[in-house]
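Colleague: Sharing a structure below in structure tokens format, with a few things to ask.
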Amino acid sequence: MTKAKIGLLILGWYMPMIVNAQALERFQPKGAGAGEHLRTYASVLDLCAHPRGVYACTEREGCFLLPTHQDDVAIPVVSPRSRRDRFGPILQLAQVPHVVINGYQVQSLVQPEQGRRPLLPSQVVEHINVVAYEVLPDGRLAIASARDGVFLFTADAEGSYRGIPQRISTVNRHLPSNKVNCLYQDRDGILWIGTEGGLAAFWQDSVYNLAQAPPLPTKLSMWQRLLGRHTKANPIYRGPVSAITQWGGSLLFTSHDALYKITRKLEPLTQVHRYANPPEYGFSTPVHDLQVSWGGKVWIATNHLIRYDIANESWRILSTSGERHSEAIPVNCLLEDKLRAYIWVGTAGRGLQRLPLQDGLNN
């Protein structure tokens, strides 16, 4: 078979995937200037739902509010002071959304007139390659590092985190790897830590390393010995974890090439379920965000927006809007807006886009 025929066969297999891919629509706010950055070439890094509406945070242009009862309107909330300013992610401090600025400052999105205040010493950001922030129920701040594990800071009287942190790392096998990819806190306050070597959980000052085999009972019965139960148990999951989200009593997470599910209860946690393999072109880059909407539809932010239907065990690619039809635009973040029935999609370099939720569920 010639190379040309092989190429045609591959193209014939791949093209239906692209043709059937559903395109998202760009967010087109009304009025000149106010929301222009969200519809042009901005990189939207984070999205946050609030009673006032949806807050959208861009990397360089600041943050905007999409009011709840006004369609196609974007109001600037926090703006850059200089070209050096970098925004994101959005952090909940005292249940109020704040944007992290330059890695070590924060500003309230609800009361931006209060101005910026310090979150961390600037030296922390200079020496730690921060990939994620999460505030724990007791007020401590968890910071994930791309190479040094997780650091826990305690707030001072002014609400900043400038003391000496506690470090969680591979020391004493607390973490599967010091290369942390993501943090996720579920509704019970359990902090899930996704690393390059596996998954870990932090709960009530205890660390559970799920990449390590569960401990064996100290005493084995005769039947356990006969059945070979004294042999070393396998770890629950060992491999990269790039994004995490909650689905009822379960936890979903992605590796570089698959979607998994485990129970959120730590005590009976003994196994992991792997869903059907996604298309080869699906996880071509690390997963940046993971969301679940009504009906068990899993939304995966990677080089495309990918949807997995748990009930039907089907994968679907939903292409973002680029300059060319076949252009792949990476997706940074996702948010389900139940009030307006949209899936908001923050892209890397193509502003804010959206998909009507009903279309995304039915098609």
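Residues -15 to 347, numbered by my numbering, are exactly what the sequence shown covers, in order. C-beta atoms are modelled at their ideal positions from N, C-alpha and C, and glycine is treated no differently. Source: prediction; values computed, not measured.
1) Within 10 Å of its beta-carbon, does SER161 have 16 or more other beta-carbons around it, so buried, or fewer, so exposed?
2) Just how far apart, CA to CA, sit VAL329 and LYS14?
3) Give every residue of the same chain whose Cβ lies closer than 6 Å to the Cβ of GLY223, excluding the five residues on either side of it in the sequence, and list them in chain order.
4) With 16 other CB atoms within 10 Å as the buried threshold, where does ILE327 fall?
5) Looking at the strands, I want to know which residues DSSP matches up with SER190.
6) Put GLN107 into one of helix, strand or coil per three-state DSSP.
7) Taking all protein chains shown into account, decide if ILE174 is buried (16 or more other Cβ within 10 angstroms of its Cβ) or exposed.
8) Beta-carbon within less than 6 Å of GLY181's beta-carbon, same chain only, minus the 5 sequence neighbours each way: which residues are those?
9) Assuming ILE327 is part of the beta strand (DSSP E), what are its boundary residues?
10) Rounded to the nearest angstrom, what separates GLY123 and ALA325 at their Cα positions?
11) Go ahead and label ARG334 buried or exposed: buried means 16 or more other beta carbons lie within 10 angstroms of its beta carbon, across all protein chains shown.
12) Are the CB atoms of VAL282 and ILE294 within a distance shorter than 9 Å?
13) If you check the beta carbons only, do CYS41 and VAL80 fall under 9 Å apart?
14) State the DSSP-derived secondary structure class of PRO97, mapped to helix, strand or coil.
15) Applying the 10 Å Cβ sphere with the 16-neighbour rule, what's the burial state of ALA78?
16) Between which two residues does the beta strand (DSSP E) carrying ASP273 extend?
17) Put LEU49 into one of helix, strand or coil per three-state DSSP.
18) Among residues of its own chain, excluding the 5 on either side of TYR25, which ones have a beta-carbon nearer than 6 Å to its beta-carbon?
19) Give the straight-line distance between the Cα atoms of LEU339 and GLY147, rounded to the nearest whole angstrom.
20) What would DSSP say about THR341, mapped onto helix, strand or coil?
21) Could you tell me the alpha carbon to alpha carbon distance between ARG10 and ARG291, rounded to whole angstroms?
22) What do you reckon, are the CB atoms on ARG151 and GLY133 nearer than 9 Å?
23) Taking just the CA atoms, how far does LEU323 sit from HIS214?
24) Determine the extent of the beta strand (DSSP E) in which ALA33 is found, giving its start and end residues.
25) Just verifying my parser: in three-state terms, what is the DSSP assignment at VAL225?
Modeller: Once the coordinates are examined:
1) Walking along the sequence shown from the start, residue 161 turns up at place 177. By the 10 Å Cβ count, SER161 comes out buried.
2) Position 345 of the sequence shown, counted from the first residue, corresponds to residue 329. Position 30 of the sequence shown, counted from the first residue, corresponds to residue 14. Going from the Cα of VAL329 to the Cα of LYS14 covers about 19 Å.
3) Reading the sequence shown from its first residue, position 239 is the one you call residue 223. Only SER239 meet the Cβ criterion.
4) Here the question's residue 327 lines up with position 343 in the sequence shown. Result: buried.
5) As a working note, residue 190 is residue 206 in the sequence shown. Partner(s): TRP187.
6) For the purposes of this step, residue 107 is identified with residue 123 of the sequence shown, where counting begins at 1. Looking at GLN107 - three-state DSSP - the assignment turns out to be helix.
7) By 1-based counting over the sequence shown, the position of residue 174 is 190. So ILE174 counts as buried.
8) For the purposes of this step, residue 181 is taken as the residue at position 197 of the sequence shown. Around GLY181: PRO160, SER161 and ALA195.
9) As a position in the sequence shown, residue 327 is number 343, starting the count at 1. Its beta strand (DSSP E) spans residues 326 to 331.
10) Locating residue 123 in the sequence shown gives position 139, counting from the first residue. Locating residue 325 in the sequence shown gives position 341, counting from the first residue. Roughly 33 Å between the two C-alpha positions.
11) Walking along the sequence shown from the start, residue 334 turns up at place 350. Label assigned to ARG334: buried.
12) Locating residue 294 in the sequence shown gives position 310, where the first residue counts as 1. Locating residue 282 in the sequence shown gives position 298, where the first residue counts as 1. Yes, these two residues count as a Cβ contact at 9 Å.
13) In the sequence shown, the residue the question calls residue 41 occupies position 57. In the sequence shown, the residue the question calls residue 80 occupies position 96. Cβ atoms of CYS41 and VAL80: not closer than 9 Å.
14) What you label residue 97 is simply residue 113 of the sequence shown in a count that begins at 1. Here residue 97 is Glu; the residue named in the question, Pro, does not match the sequence. Of the three classes helix, strand and coil, the one that applies to GLU97 here is helix, per DSSP.
15) Reading the sequence shown from its first residue, position 94 is the one you call residue 78. Under this definition ALA78 is an exposed residue.
16) One-based indexing of the sequence shown puts residue 273 at position 289. Taken as a continuous stretch (DSSP letters only), the beta strand (DSSP E) holding ASP273 covers 273 to 277.
17) Here residue 49 corresponds to residue number 65 of the sequence shown, with the count starting at 1. Secondary structure at LEU49: strand, using DSSP grouped into helix, strand and coil.
18) Taking the sequence shown and counting its residues from 1, the one referred to as residue 25 is at position 41. Cβ neighbours of TYR25 beyond the five flanking positions: GLY333.
19) Here residue 339 corresponds to residue number 355 of the sequence shown, with the count starting at 1. Here residue 147 corresponds to residue number 163 of the sequence shown, with the count starting at 1. The alpha-carbon atoms of LEU339 and GLY147 are separated by roughly 43 Å.
20) Here residue 341 refers to the residue found at position 357 when the sequence shown is read from its first residue. Looking at the sequence provided, one finds Leu at residue 341 rather than Thr. Three-state DSSP puts LEU341 in a helix.
21) For the purposes of this step, residue 10 is identified with residue 26 of the sequence shown, where counting begins at 1. For the purposes of this step, residue 291 is identified with residue 307 of the sequence shown, where counting begins at 1. If you take the alpha carbons of ARG10 and ARG291, they lie about 18 Å apart.
22) Translated into the one-based positions of the sequence shown, residue 151 becomes position 167. Translated into the one-based positions of the sequence shown, residue 133 becomes position 149. Their beta carbons are under 9 Å apart, which means ARG151 touches GLY133 by this criterion.
23) The count along the sequence shown starts at 1 and reaches residue 214 at position 230. The count along the sequence shown starts at 1 and reaches residue 323 at position 339. Only weak support is given to the placement of HIS214: the predicted model assigns it a pLDDT of 49, under 50, and the question is left unresolved by the model.
24) Position 49 of the sequence shown, counting from 1, holds the residue named residue 33. 28 to 34 is the span of the beta strand (DSSP E), which, as asked, contains ALA33.
25) Position 241 of the sequence shown holds residue 225. Assignment of VAL225 by DSSP, reduced to helix, strand and coil, places it in the coil class.
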